[in-house]
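Please read the structure below before turning to the comments.
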Amino acid sequence: MTAPSTDAHDLKAVKARLDEIAAAVNDDSLSLDDALALYEEAVKLGMKASEIMEADLVAPAPDEQDAPPATEEG
Numbered sequence: 047m048t049a050p051s052t053d054a055h056d057l058k059a060v061k062a063r064l065d066e067i068a069a070a071v072n073d074d075s076l077s078l079d080d081a082l083a084l085y086e087e088a089v090k091l092g093m094k095a096s097e098i099m100e101a102d103l104v105a106p107a108p109d110e111q112d113a114p115p116a117t118e119e120g
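Be aware that the sequence shown starts at 47, since it is given in this note's numbering, and climbs by one per residue.
Shown next, in the form of structure tokens:
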């Protein structure tokens, strides 16, 4: 499991690259091949961002890592 601070750094890096890609595809002189390559990269980055955010959702909170598992009573 990746540490939350590393996840935040990775997510910021992904967003920064996506911003660069968005700016690049707005250039009218960009070839179709280059635009498609940037699109493919953006899709991969989007998947990576989704994985980072999902991992953060399922990760136990730091105070829950050492806690005994909860049991159902009833």
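Here a beta-carbon is modelled for each residue, glycine too, at the ideal position from N, C-alpha and C.
Within the continuous alpha helix (DSSP H) that includes residue i, where are the two ends?
i	result
Asp80	78 to 104
Roughly how many whole angstroms lie between the Cα atoms of residue i and residue j?
i	j	result
Thr48	Asp80	Unreliable positioning characterises Thr48 in this predicted model, as indicated by a pLDDT of 49, which lies under 50. The coordinate reading is nonetheless provided below. Going by the C-alpha atoms only, they are around 33 Å apart.
Leu91	Asp109	31 Å
Leu64	Ala88	6 Å
What is the DSSP secondary structure of residue i, counted as helix, strand or coil?
i	result
Asp53	helix
Asp73	coil
Starting from the Cα of residue i, find the closest Cα among the options and give me that residue.
i	options	result
Lys61	Ala95, Asn72, Val104, Leu103	Ala95
By Cβ distance below 7 Å, which residues in the same chain neighbour residue i in space, the five residues on each side in sequence not counted?
i	result
Leu76	Ala70
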